[in-house]
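Participant: Okay, here's the structure, questions in a sec.
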Amino acid sequence: MPEVPDMRTLGRKVSNWGRWGTEDERGTTNLITPERVRAAASLIRSGTTFPLGIPLDGDGPQPGGLRINPIRLMSENGQEQVLPGGFKWADDFVFMPLQAGSQYDSLAHVHYDDQLYNGHPGDGITVKGAARCGIHTQAGGIAGRGVLLDVARSRGVDWLEAGTAIGPDELDAVAAAQGVTIGAGDILLIRTGWRRKFLADRDAAGFMAGEPGLSLACAPWLREHDVAVLGSDNWAVEVMPGEHPGTAFELHMVLIRDMGLTLAEMLDFEELSEACAADNRWEFFYAGPPLPFTRGVGSPINPLAIR
717 MPEVPDMRTL GRKVSNWGRW GTEDERGTTN LITPERVRAA ASLIRSGTTF PLGIPLDGDG
777 PQPGGLRINP IRLMSENGQE QVLPGGFKWA DDFVFMPLQA GSQYDSLAHV HYDDQLYNGH
837 PGDGITVKGA ARCGIHTQAG GIAGRGVLLD VARSRGVDWL EAGTAIGPDE LDAVAAAQGV
897 TIGAGDILLI RTGWRRKFLA DRDAAGFMAG EPGLSLACAP WLREHDVAVL GSDNWAVEVM
957 PGEHPGTAFE LHMVLIRDMG LTLAEMLDFE ELSEACAADN RWEFFYAGPP LPFTRGVGSP
1017 INPLAIR
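Under the numbering used here, the first residue of the sequence shown carries the number 717, and numbering increases by one thereafter.
See below:
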């Protein structure tokens, strides 16, 4: 593995502040241009869809505390209704964090040194939500060329162990082995096998205790390739525990606050990875709009890979 860089030095090196104007709140999703979306549509051949979102129910991997699995309650089930013509209806509602299950982090999700992405003030996040960089700024949709890099399959394992860091050289090696390139505006998905581990042992506490993931050293690689959105099958994208003692979520801070890169977490690539391996085609059309919660710092998602 390469030497792990200093977070703030690295953040300045890969910064996208001002790249799309001083008022920009969307960051790297600006790279998903209409021309790139149109080109990505040509990747659809059979029209087969692969849902990448995990089920939104009480059996998910978030055991409680800061975040819980969704709680769904019925507000009406029709059993006591007496309506003309025998008509009956049902309604329900849900209580959940906006970052439960498969989710996007908005660019307001993390910050440091009192500044959000693009220099927007950190104190703009109040009890009323995020004044700048909220998830609603991505409401135009996140869709385009998706690429899956299957690191677990490349290593010949069901899943990487917690604390395993994936470096930029490995990303290059996996891409080369799969015969795929990563280009500007791509939605890059990293399979560590961490979702498969959860499905195998159903240990939510173990799932959240640590994880394999990207090294801080991957930030320049992601900037060089102009990745628009980065997603993974773990819960924080980056390796946990972190690489510098006494720190937390350094890659989150560099990618979100400095680069303006939207992250997608806790995705399910199991079915998709089998299909991609079967015909050695690792690119597809990705469609994954967030829910436009005004001032929200995250959103649940159910993205699709369409091949």
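Don't be surprised by glycine CBs; every beta carbon is placed ideally from N, CA and C.
Identify every run of the beta strand (DSSP E) within the region 808 to 890, keeping only runs that are complete inside it and at least 3 residues long; order them along the chain.
Facilitator: The region 808 to 890 contains these whole beta strand (DSSP E) runs: 819 to 821, 859 to 866.
Participant: Is DSSP giving SER762 helix, strand or coil here?
Facilitator: In the sequence shown, counting from the first residue as 1, residue 762 sits at position 46. SER762: coil per DSSP, three-state reduction.
Participant: Skipping 5 residues on each side, what residues in its chain have a beta carbon closer than 7 Å to that of ARG939?
Facilitator: Position 223 of the sequence shown, counting from 1, holds the residue named residue 939. Result list for ARG939: VAL730, MET975, in chain order.
Participant: Please go through the same chain and pick out, in chain order, the residues whose beta-carbon is closer than 7 Å to the beta-carbon of THR745, but skip the five residues on each side of it.
Facilitator: Position 29 of the sequence shown holds residue 745. Hits under 7 Å: GLN854, ILE858, ALA944, VAL945, THR978.
Participant: My guess is that ARG912 and ALA993 are in contact by the Cβ rule of under 8 Å, so how many angstroms apart are they, rounded?
Facilitator: The residue you call residue 912 lines up with position 196 of the sequence shown. The residue you call residue 993 lines up with position 277 of the sequence shown. In fact, because the Cβ distance is near 14 Å, the residues do not count as touching under 8 Å.
Participant: Please report the residue range of the alpha helix (DSSP H) in which PRO723 lies.
Facilitator: Stepping through the sequence shown from its first residue, residue 723 is reached at position 7. For the sequence presented, residue 723 should be read as Met rather than Pro. Counting along the chain, the alpha helix (DSSP H) containing MET723 begins and ends at 723 to 730.
Participant: Compute the Euclidean distance between the alpha carbons of GLY1028 and ALA925, then round it to the nearest angstrom.
Facilitator: Residue numbering for the chain in the displayed model covers 717 to 1023; residue 1028 lies beyond these limits and cannot be assessed.
Participant: With respect to 7 Å, is the separation between the Cβ of TRP937 and the closest non-hydrogen atom of the ligand PLP below this value?
Facilitator: The ligand content of the structure shown is nil, which means the ligand PLP is not present either.
Participant: Just the C-alpha distance for GLY962 and VAL955, rounded to the nearest angstrom, thanks.
Facilitator: Position 246 of the sequence shown, counted from the start, is the residue given in the question as residue 962. Position 239 of the sequence shown, counted from the start, is the residue given in the question as residue 955. About 14 Å.
Participant: Run through the region 959 to 995 for me and flag every whole alpha helix (DSSP H) of 4 or more residues, listed as ranges in chain order.
Facilitator: List check, alpha helix (DSSP H) in window: 986 to 995.
Participant: Residues in its own chain within less than 6 Å of GLY845 by CB, not counting five upstream and five downstream?
Facilitator: Working through the sequence shown from its first residue, we reach residue 845 at position 129. For GLY845, where only same-chain residues beyond five positions count, the Cβ hits under 6 Å are ARG1011.
Participant: If we count the other Cβ atoms within 10 Å of its Cβ and call it buried at 16 or more, is TRP910 buried or exposed?
Facilitator: Mapped onto the sequence shown, residue 910 falls at position 194. By the neighbour-count rule (16 or more Cβ atoms within 10 Å), TRP910 is buried.
Participant: How far does the alpha helix (DSSP H) with PRO750 in it extend, from its first residue to its last?
Facilitator: Looking up residue 750 in the sequence shown gives position 34. That run of the alpha helix (DSSP H) goes 750 to 757.
Participant: Taking all protein chains shown into account, decide if THR908 is buried (16 or more other Cβ within 10 angstroms of its Cβ) or exposed.
Facilitator: Along the sequence shown, read from residue 1 onward, the residue named residue 908 stands at position 192. With 16 or more Cβ atoms within 10 Å of its Cβ, THR908 is classed as buried.
Participant: What does the alpha-carbon distance come out to for the pair ASP808 and GLY794?
Facilitator: On the sequence shown, residue 808 is found 92 positions in, with the first residue counted as 1. On the sequence shown, residue 794 is found 78 positions in, with the first residue counted as 1. Straight-line Cα distance between these residues: approximately 11 Å.
Participant: Taking MET924 as part of the alpha helix (DSSP H), name the residues at either end of that continuous run.
Facilitator: Walking along the sequence shown from the start, residue 924 turns up at place 208. Residues 920 to 925.
Participant: Looking at C-alpha atoms only, which residue of ARG788, ALA921, GLY947, ASP917 is the closest neighbour of LEU930?
Facilitator: The residue labelled residue 930 in the question sits at position 214 within the sequence shown. Comparing Cα positions, the closest option is GLY947.
Participant: Based on DSSP bridge pairs, tell me the residues matched to PHE1001.
Facilitator: If you number the sequence shown from 1, residue 1001 lands on position 285. Answer is ARG861, ILE1022, bridged to PHE1001.
Participant: Going by DSSP, name the residue or residues bridged to ARG1011.
Facilitator: Position 295 of the sequence shown, counted from the first residue, corresponds to residue 1011. Per DSSP, none; premise fails for ARG1011.
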